[in-house]
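**Student:** Protein sequence lines, in the order shown, are assigned to chains A and B. Following this note's numbering, the residues of the first sequence are numbered contiguously, the last one being 255. Following this note's numbering, the residues of the second sequence are numbered contiguously, the last one being 1255.
There are 2 protein chains.
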Amino acid sequence: MNIVIIGTGNVATITGRLILQSGHDIIEVYGRNETAALALAQSLEANAVTHTKAITKEADLYIIAVSDDAIKKIVSGLFVKDKIIVHTSGAVSKEVLKEASINYGVLYPLQSLRKEMIHLPVIPLFIDGSDDEVKSTLLSFASTLSNIVQEANDLQRLKLHIAAVFSSNFTNHLYALTETFCKHEQIDFKALYPLISETAERLKQYSPAQMQTGPAIREDRSTIEKHLEILNAYPHLKNIYTTLSENIRSNAEPT
Amino acid sequence: MNIVIIGTGNVATITGRLILQSGHDIIEVYGRNETAALALAQSLEANAVTHTKAITKEADLYIIAVSDDAIKKIVSGLFVKDKIIVHTSGAVSKEVLKEASINYGVLYPLQSLRKEMIHLPVIPLFIDGSDDEVKSTLLSFASTLSNIVQEANDLQRLKLHIAAVFSSNFTNHLYALTETFCKHEQIDFKALYPLISETAERLKQYSPAQMQTGPAIREDRSTIEKHLEILNAYPHLKNIYTTLSENIRSNAEPT
């Protein structure tokens, strides 16, 4: 496959590396910022383009990996006729792409991708397409990139995106809050690494609902009171502590 | 060291296994419930006792691994003179033990321990003692059990416990909520495993505050609105989503 990567951010960079490693040819990288476009193009053994009008029409696949808001702007400046064009977003409908080609779809990486990554993690890919032929082409392309490839339509992808927000963005925020708390209180955040890993890895064997521990699930008021007394100095943390503890205590089904 | 384990729950079971593996002798296991006491005693190659009065006075170390509320009850029925007695709790002062011996302290495992565990995870141990000699004895004992051994007084241990609640109990609850959401919406929770692992492992290399991704940190209102529309069917999730998103957006320092 001859591929054009549109974008120079985290998703463009890591997706590009994955594609190159899997033996495909990236022929062009588009980026508004010339320095960024040149840098990524060079690392992906491709040419750099800085105007949408200059993007080649001769590729097999165009991958738009830009912020959700920027997708529409790209599409309005790009027409590739019957070549396949995809975006990589969890929350944007594939239909925004139909101005750019009659064949369009989605290649959604369900992973938190950062340019800094040295080793690529496992990246599950969710595929959608404007018709069965496009889907089938994208499914076989994606299976050269990842062992975990599934189909997901717009609504399913949006739900996966919500699940990712809860289990990754929000957990990362809790890690960040914990790190700052530890710094303020001069306790060793690193000592929590084994606990954090164990909690994340255990869910592959046991349902997390069955593995809940801590004062909230035990309804251990005396410990909770001791915690809240210290958290009086941290109103944001206290608010989150109370909200999540009540939710755990009520053993809330999310309905 | 000749050791008595008091308790038959998760912490008693896993601590006992760790101690046995490290080449110490567990001479007795105490549990009120005879079946549980016999089962754990057998697996730890020890004798079972079901009355505190019957616990031997001849051990070097007594480890109370019972629920916080039960520690006092145990202590009131046990006097071991100058033998070292410890509890394993993050939130209970070591001073509750002084009725039972003049030498007392804490052996706090900063890990989420479950009987079901087949492979023992890395278990950081935090030590406290009634005097320097007790501390020193416990530090060298703990270093036979774990590569991560530190001292922590009552207040430091309580703060570590709070940090553990945020980074383990609360993240596990978010995993549990996500799993239930996925079941209800018939999307594949397992597809999130690589993302969850990556988020947890990455903090060992990069500060989580620097690695925050998702719609809240991008202030991506349009995606947040799409999420909230679906979460209207899940009031508990919507409440948590809103609380944590606002907290991320305000990029709140925990002060």
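Glycine is no exception: its CB is placed at the ideal position from the N, C-alpha and C atoms. Keep in mind the model is a prediction, meaning the values are calculated, not measured.
At 4 residues or longer, and completely inside the stretch 1134-1187 of chain B: list those alpha helix (DSSP H) runs for me, N to C.
**Tutor:** Complete alpha helix (DSSP H) runs here, min 4: 1154-1164 and 1170-1185.
**Student:** Measure how close the beta-carbons of LEU1044 of chain B and ILE1026 of chain B come, nearest whole angstrom, since I'm counting them as under 8 Å.
**Tutor:** 5 Å between Cβ atoms; contact.
**Student:** Could you have a look at ASP25 of chain A and say whether DSSP puts it in helix, strand or coil?
**Tutor:** Correct three-state label for ASP25 of chain A: strand.
**Student:** Anything in chain B within Cβ reach of ALA123 of chain A, meaning under 8 Å, just list it in chain order.
**Tutor:** The question names Ala, but residue 123 of chain A is Ile in the sequence shown. Near ILE123 of chain A (Cβ distances below 8 Å), the residues of chain B are PRO1194.
**Student:** With distance defined between alpha-carbon atoms, name the residue in B:THR1243, B:ALA1091, B:ASN1010 and B:ASN1033 nearest to ALA1163 of chain B.
**Tutor:** Checking every option, the nearest Cα to that of ALA1163 of chain B belongs to B:ALA1091.
**Student:** When you compare the CB of ARG1017 of chain B with every CB in chain A, is at least one pair closer than 7 Å?
**Tutor:** It does not: the Cβ of ARG1017 of chain B has no partner Cβ on chain A nearer than 7 Å.
**Student:** If you pair each beta-carbon of the stretch 234-241 of chain A with each one of the stretch 1020-1036 of chain B, do three or more pairs fall below 8 Å?
**Tutor:** Cβ pair count under 8 Å is below three, so no.
**Student:** Mapping DSSP to helix, strand and coil, what is PHE79 of chain A?
**Tutor:** In this structure, PHE79 of chain A counts as coil in the three-state DSSP scheme.
**Student:** Can you look up ASN10 of chain A in the DSSP assignment and give me helix, strand or coil?
**Tutor:** In the structure shown, ASN10 of chain A sits in a helix (DSSP, three-state: H, G or I).
**Student:** To the nearest angstrom, how far is it from the Cα of LEU1244 of chain B to the Cα of GLU1095 of chain B?
**Tutor:** The alpha-carbon atoms of LEU1244 of chain B and GLU1095 of chain B are separated by roughly 37 Å.
**Student:** Could you check whether GLU1099 of chain B and ILE1127 of chain B sit closer than 7 Å to each other, using their CB atoms as the reference points?
**Tutor:** No, they are not a contact pair.
**Student:** Just the chain A side, please: which residues come within less than 7 Å of SER1207 of chain B by C-beta, in chain order?
**Tutor:** Those within 7 Å of SER1207 of chain B in chain A are GLU179.
**Student:** At a Cβ threshold of 7 Å, is ILE1027 of chain B touching chain A?
**Tutor:** So, not an interface residue.
**Student:** Buried or exposed: where does LYS204 of chain A fall if 16 or more other Cβ atoms within 10 Å of its Cβ makes it buried?
**Tutor:** Exposed, by the Cβ-count rule.
**Student:** Three or more C-beta pairs under 8 Å: does that hold for the stretch 12-28 of chain A against the stretch 41-59 of chain A?
**Tutor:** Yes: at least three Cβ pairs fall under 8 Å.
**Student:** When you compare the CB of LYS204 of chain A with every CB in chain B, is at least one pair closer than 7 Å?
**Tutor:** Yes, LYS204 of chain A counts as interfacial toward chain B.
**Student:** For ASP128 of chain A, which three-state DSSP category applies?
**Tutor:** If DSSP states are grouped into helix, strand and coil, ASP128 of chain A belongs with the strands.
**Student:** Name the two residues that bound the continuous beta strand (DSSP E) containing TYR1234 of chain B.
**Tutor:** Counting along the chain, TYR1234 of chain B falls outside any beta strand (DSSP E), and DSSP gives it neither H nor E.
**Student:** Considering Cα atoms alone, identify which of B:SER1136, B:ASP1132, B:SER1089 and B:LEU1231 is closest to HIS1184 of chain B.
**Tutor:** Among B:SER1136, B:ASP1132, B:SER1089 and B:LEU1231, the Cα nearest to that of HIS1184 of chain B is on B:LEU1231.
**Student:** Could you compute how far the alpha carbon of ARG1249 of chain B sits from the alpha carbon of THR1213 of chain B?
**Tutor:** Cα to Cα, the separation comes out at about 11 Å.
**Student:** Taking the Cβ atom as the reference point for each residue, do ASP1068 of chain B and SER1101 of chain B lie within a distance shorter than 7 Å?
**Tutor:** No, these two residues do not count as a Cβ contact at 7 Å.
**Student:** Among B:VAL1066, B:ALA1048 and B:TYR1241, which one has its Cα closest to the Cα of LEU174 of chain A?
**Tutor:** Looking at the Cα atoms, B:TYR1241 is the closest of the given residues.
**Student:** Span of the alpha helix (DSSP H) holding LEU38 of chain A?
**Tutor:** Its alpha helix (DSSP H) spans residues 34-43.
**Student:** Are THR1199 of chain B and SER112 of chain A touching if we call contact CB-CB under 7 Å?
**Tutor:** Taking 7 Å as the Cβ cut-off, THR1199 of chain B and SER112 of chain A qualify as a contacting pair.
**Student:** Over what stretch of residues does the beta strand (DSSP E) that includes TYR1193 of chain B continue unbroken?
**Tutor:** From DSSP, TYR1193 of chain B is part of no beta strand (DSSP E) but of the alpha helix (DSSP H) over 1193-1202.
**Student:** Answer yes or no: do ASN1103 of chain B and ASP1132 of chain B have a C-beta to C-beta separation smaller than 7 Å?
**Tutor:** Not in contact: ASN1103 of chain B and ASP1132 of chain B (Cβ atoms no closer than 7 Å).
**Student:** Please tell me whether THR8 of chain A has its Cβ less than 7 Å away from any Cβ of chain B.
**Tutor:** No, no contact with chain B.
**Student:** To which residues does DSSP link LEU1107 of chain B through a beta bridge?
**Tutor:** Answer is B:ILE1127, bridged to LEU1107 of chain B.
**Student:** Rank B:VAL1004, B:GLU1225 and B:GLY1129 by C-alpha distance to the C-alpha of LEU1020 of chain B and give the top, closest one.
**Tutor:** With distances taken between Cα atoms, LEU1020 of chain B lies closest to B:VAL1004.
**Student:** For ALA48 of chain A, which three-state DSSP category applies?
**Tutor:** Three-state DSSP puts ALA48 of chain A in a strand.
**Student:** Can you tell me where the beta strand (DSSP E) with ILE85 of chain A in it begins and where it stops?
**Tutor:** Looking at the DSSP string, the run of the beta strand (DSSP E) that includes ILE85 of chain A is 84-87.
**Student:** What residues of chain B sit near ASN239 of chain A, judged by a beta carbon separation below 9 Å?
**Tutor:** Going along chain B in sequence order, the residues near ASN239 of chain A (Cβ under 9 Å) are THR1243 and ASN1247.
**Student:** Is the beta carbon of GLY1077 of chain B closer than 7 Å to that of THR1052 of chain B?
**Tutor:** Going by C-beta atoms, THR1052 of chain B is nearer than 7 Å to GLY1077 of chain B.
**Student:** In three-state terms, what does DSSP make of TYR241 of chain A?
**Tutor:** The answer is helix: DSSP assigns TYR241 of chain A an H, G or I state.
**Student:** Cα-Cα, which of A:PRO109, A:LEU177, A:ALA176 and A:LYS190 is closest to TYR1193 of chain B?
**Tutor:** The shortest C-alpha separation from TYR1193 of chain B is found at A:PRO109.
**Student:** State the CB to CB distance for the pair LEU1145 of chain B and LEU1125 of chain B, rounded to an integer number of angstroms; the pair is presumed to be in contact (CB under 8 Å).
**Tutor:** Right, the Cβ-Cβ distance comes to about 6 Å (below 8 Å), so this counts as a contact.
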